[in-house]
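Novice:
2 protein chains.
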Amino acid sequence: MSKPLSLTEENYLKTIFSLSDGQDNAVNTSALAKQINIASSSVTDMLKRLGEKGYIHYEKYQGVRLTDSGRSIAINIIRKHRLWEVFLVDKLHFSWDEVHEVAEQLEHIRSKKLTTRLYEFLNKPKFDPHGDPIPDENGNFPDMERNMLTDFNEGDTVTILGVNDDSPDFLKYLEQLNLKLGSILTINTILSHDRSMELRNQHNKTIMLSYISCQHIFCKKS
Amino acid sequence: MSKPLSLTEENYLKTIFSLSDGQDNAVNTSALAKQINIASSSVTDMLKRLGEKGYIHYEKYQGVRLTDSGRSIAINIIRKHRLWEVFLVDKLHFSWDEVHEVAEQLEHIRSKKLTTRLYEFLNKPKFDPHGDPIPDENGNFPDMERNMLTDFNEGDTVTILGVNDDSPDFLKYLEQLNLKLGSILTINTILSHDRSMELRNQHNKTIMLSYISCQHIFCKKS
DNA sequence: CATCAAATTTAGATGAGACGAATTTTTTTT
DNA sequence: AAAAAAAATTCGTCTCATCTAAATTTGATG
Ligand SMILES: [Mn+2]
Ligand SMILES: [Mn+2]
Ligand SMILES: [Mn+2]
Ligand SMILES: [Mn+2]
C-alpha cells in the first residue's frame with residue numbers, strides 16, 4: 001500500500017491527462033504551468049518527484065507522459081469530478097456554470113464506497129452537465145461521436161452535445177441565448193470573412209455565434 | 001478578506017471546540033496533541049500561529065480558548081460534518097459506523113451555497129446519525145435535553161437519543177444488539193458491584209450493558 | 001517550601017510545495 | 001551555421017506543518 005497522493009499531485013496527474021487529450025501525447029512544462037497557474041520552475045520540481053514515484057515518464061526537456069498507474073489515478077479523479085457535477089446540478093439544483101469550482105474540491109474526497117454509491121444514487125450517468133463523458137468504474141469512457149460546431153456546413157441541423165469551455169462566463173452566455181445540451185439548431189449561413197455562424201433554433205429565432213464560440217460547442221448531426 | 005484557513009487549522013479549531021465541550025473551558029496542549037494524534041511541540045507551534053491570526057486566545061502554559069471568530073469557524077465545520085453524515089446515511093445508505101471518516105474529509109469543502117443547498121436537500125435536519133445536534137446557519141444548536149444512560153435508575157423507561165462515541169467498533173456493537181436512535185429500553189436492574197445494567201427492550205429481550213457502554217449512550221425518560 | 005515529575009515550550013531539522021533569478025538547452029530566425 | 005528567442009531547468013530561499021531532544025515552567029508531594 002503506497003502512501004496516498006497529495007491533492008497537489010492528484011491535480012498534476014489530472015491536468016496532464018487533460019492536456020494530453022486522453023492520448024499518450026507528451027505535455028509541456030509551460031502548458032502545465034499555465035493550466036495550473038504556477039511558476040514553471042515549480043512544475044519542473046513536481047515532475048521530478050512524480051517521475052520518481054512512477055506516475056509519469058519524465059525526461060528533461062522532453063515533456064511528460066502518464067504511466068499506466070498515473071493514468072488510472074487521473075481518470076478516477078475525473079470520474080469523481082464529473083459525478084459530483086451531476087450531483088450538484090441534478091440534486092442540489094446548481095446551474096451548470098456554478099459546479100466546476102466546487103467539483104474541483106469534491107474530486108479529491110477519498111472513498112471508494114462513496115464514489116460507487118454516488119454513481120448509483122445518480123442512476124449511473126454517462127455524461128456530466130457540460131456533456132463530458134464520465135468514465136466507468138474500470139476507467140472506460142462511454143462511446144460518443146461528436147464534433148465541433150465549426151465542423152458542420154450550411155444547411156446542417158445539429159444537436160448540442162457538450163461544451164469545450166467550462167468557464168462561468170461562457171456557460172452563462174450560452175444560457176442567456178437559451179442554448180443548452182439537447183438544443184437543436186440549423187446552420188443558416190456561415191459568414192466567410194470571420195467564419196461566424198448564423199443559426200436558427202427550434203422557435204425560429206436567429207442566433208449569431210462567433211467562430212471562437214462555435215469552437216467551444218460540440219454537436220452531432222440530427 | 002483574509003486568506004482561508006488550511007485544513008489543518010480548521011481541524012485544530014474544531015478539536016478545541018469539541019474538547020472545551022462547546023463552552024469556554026481552556027483546553028490543554030496535551031489533550032489536543034492526543035486527540036489530533038500529533039507531538040505536543042507541534043501543537044504549541046500551531047497554537048502560536050492561530051493566536052497571532054486571532055482565532056484563539058493563547059497564553060503560554062495556560063491552555064487555549066477560542067475567540068468568537070475561531071468559535072464560529074469551528075461550529076461551521078461541525079455543521080458541515082454532521083450534514084454530510086446525514087447525507088451519507090439517508091441518501092447513500094451508509095451505515096452509522098461508516099460515515100465519520102468520510103465526513104472528516106467532506107467537512108472541509110468550502111462553498112456556502114453547497115452547505116445551504118445540502119441542508120435543504122436533507123430537509124433541514126436537526127440531528128446527525130449519531131444523535132448529535134446540527135447547528136443552524138447562525139451557529140445555534142437545537143435545544144435538547146438528554147442524559148447519559150448511567151444517570152437513570154432501576155425501573156426507568158428511556159429512549160435512546162444519541163451516542164458519545166463515534167468509533168466504528170462501538171457503533172457496530174450497538175447495531176448488533178439492535179440498539180439504535182429511538183430504541184426504547186426499561187432498566188431492570190443495576191448491578192451494584194460493577195454498575196452494569198440489565199435492560200429490557202420493546203420485544204422483551206434482555207440486554208446487558210457495561211457501565212462504560214452506558215456512559216456512551218444518551219437517553220431521555222420516555 | 002524545596003524537590004521532583006509532568007506538562008509545556010524552545011531549538012534545531014526535515015520534507016513538501018511554492019517562488020524568482022540565473023543558467024542551460026532547444027528551437028526559430030536570420 | 002550563427003545569433004536570438006523561447007522553453008526548461010537549476011539554485012537558493014521561503015512558509016507550513018511536522019518531528020525529536022533539550023530546556024523551562026508548573027504544580028504536586030513530602
Ligand atoms: Mn468541471
Ligand atoms: Mn464538467
Ligand atoms: Mn462524525
Ligand atoms: Mn456524528
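Protein sequences appear in the order of chains Z and S.
Under the working numbering, the first residue of the first sequence carries the number 1, and numbering increases by one thereafter.
Under the working numbering, the first residue of the second sequence carries the number 1, and numbering increases by one thereafter.
Each residue gets a CB set at the ideal place from its N, CA and C atoms; glycine is no exception.
Please state if the CB of lysine 124(Z) and the CB of glutamate 107(Z) are separated by a distance shorter than 9 angstroms.
Specialist: For glutamate 107(Z) and lysine 124(Z), no; Cβs fall outside 9 angstroms.
Novice: Please classify glycine 155(S) as buried or exposed, where buried requires at least 16 other C-beta atoms within 10 Å of its C-beta.
Specialist: Exposed, because fewer than 16 other Cβ atoms sit within 10 Å of the Cβ of glycine 155(S).
Novice: Please decide whether histidine 93(S) counts as near chain Z, where near means a Cβ-Cβ distance under 9 angstroms.
Specialist: Yes, histidine 93(S) lies at the interface with chain Z (some Cβ there is under 9 angstroms from its Cβ).
Novice: The alpha helix (DSSP H) spanning asparagine 11(S) covers which residue range?
Specialist: 7–19 is the extent of the alpha helix (DSSP H) around asparagine 11(S).
Novice: For the region 70–88 of chain S, list every residue whose C-beta sits within 7 angstroms of some C-beta in chain Z, in sequence order.
Specialist: Within the region 70–88 of chain S, no residue has a Cβ that lies closer than 7 angstroms to any Cβ of chain Z.
Novice: Can you confirm whether the region 80–89 of chain S touches the region 117–136 of chain S when touching is taken to mean that 3 or more C-beta pairs between the two stretches lie within less than 8 angstroms?
Specialist: The region 117–136 of chain S vs the region 80–89 of chain S: in contact.
Novice: Establish whether the CB of lysine 124(Z) and some CB of chain S are separated by less than 9 angstroms.
Specialist: It does not: the Cβ of lysine 124(Z) has no partner Cβ on chain S nearer than 9 angstroms.
Novice: May I ask whether a heavy atom of ligand 1 can be found less than 8 angstroms away from the beta carbon of alanine 103(Z)?
Specialist: Answer for alanine 103(Z): yes, Cβ within range of ligand 1.
Novice: Expressed to the nearest angstrom, what Euclidean distance is found between the alpha-carbon atoms of isoleucine 77(Z) and isoleucine 207(Z)?
Specialist: Rounded to whole angstroms, isoleucine 77(Z) to isoleucine 207(Z) spans 36 angstroms at the Cα level.
Novice: Residues of chain S with a CB under 7 angstroms from the CB of phenylalanine 121(Z): which are they?
Specialist: Simply Lys91 and Leu92.
Novice: Going by CA-CA distance only, name the one from Ile134(S), Ala26(S) and Arg71(S) that's closest to glutamate 10(S).
Specialist: For glutamate 10(S), the nearest C-alpha among the options comes from Arg71(S).
Novice: Give the interface partners of glutamine 176(Z) over in chain S, defined as CB-CB distance under 9 angstroms, in chain order.
Specialist: Within chain S, no residue comes near glutamine 176(Z); the closest Cβ sits about 21 angstroms away, beyond 9 angstroms.
Novice: Taking only the alpha-carbon atoms, compute the straight-line gap between methionine 197(Z) and asparagine 164(Z) and give it to the nearest angstrom.
Specialist: In a straight line, the C-alpha of methionine 197(Z) is about 17 angstroms away from that of asparagine 164(Z).
Novice: Would the C-beta of aspartate 166(S) count as close to ligand 3, meaning under 8 angstroms from any of its heavy atoms?
Specialist: Result yes, Cβ under 8 angstroms from ligand 3.
Novice: For arginine 110(Z), would you say it is in contact with chain S, using Cβ-to-Cβ distances shorter than 9 angstroms as the test?
Specialist: Output row for arginine 110(Z): interface = yes.
Novice: So within the region 55–129 of chain S, which uninterrupted alpha helix (DSSP H) runs reach at least 4 residues, ignoring any that extend past its ends?
Specialist: As far as the region 55–129 of chain S is concerned, its whole alpha helix (DSSP H) runs of at least 4 residues are 68–86, 99–106 and 112–121.
Novice: According to DSSP, is arginine 146(Z) helix, strand or coil?
Specialist: Arginine 146(Z) falls in the coil class under three-state DSSP.
Novice: Identify whether phenylalanine 218(Z) lies in helix, strand or coil by the three-state DSSP scheme.
Specialist: Phenylalanine 218(Z) falls in the strand class under three-state DSSP.
Novice: At a threshold of 8 angstroms, does arginine 82(S) count as lining ligand 3 (C-beta to nearest heavy atom)?
Specialist: Yes; taking the cut-off as 8 angstroms, the Cβ of arginine 82(S) has a heavy atom of ligand 3 nearer than that.
Novice: Does arginine 195(Z) come out as helix, strand or coil in the three-state DSSP assignment?
Specialist: Note: arginine 195(Z) maps to coil in three-state DSSP.
Novice: Going along the region 29–43 of chain S in order, which residues come within less than 7 angstroms of chain Z, judged by CB to CB distance?
Specialist: So nothing in the stretch comes that close.
Novice: Provide the residue(s) that pair with glycine 162(Z) in DSSP beta bridges, ordered along the chain.
Specialist: Bridge partners of glycine 162(Z): Phe218(Z).
Novice: Just the chain Z side, please: which residues come within less than 8 angstroms of leucine 66(S) by C-beta, in chain order?
Specialist: None at all; the shortest Cβ gap to chain Z is about 25 angstroms.
Novice: For proline 135(Z), is the beta carbon positioned less than 8 angstroms from some heavy atom of ligand 2?
Specialist: Checking every heavy atom of ligand 2 against the Cβ of proline 135(Z), none is found closer than 8 angstroms.
Novice: When the cut-off is 9 angstroms and only beta carbons count, does glutamate 9(S) lie next to chain Z?
Specialist: No, its Cβ sits nowhere closer than 9 angstroms to a Cβ of chain Z.
Novice: From the DSSP output, in three-state form, read off proline 168(Z) for me.
Specialist: Helix, per DSSP.
Novice: Checking contacts by CB at 9 angstroms: is leucine 114(Z) closer than that to chain S?
Specialist: With 9 angstroms as the cut-off, leucine 114(Z) counts as an interface residue toward chain S.
Novice: Please determine whether the Cβ atom of aspartate 132(S) lies at a distance below 8 angstroms from any heavy atom of ligand 4.
Specialist: Checking every heavy atom of ligand 4 against the Cβ of aspartate 132(S), one is found closer than 8 angstroms.
Novice: Check isoleucine 212(Z) in the structure and name its three-state DSSP category.
Specialist: Helix.
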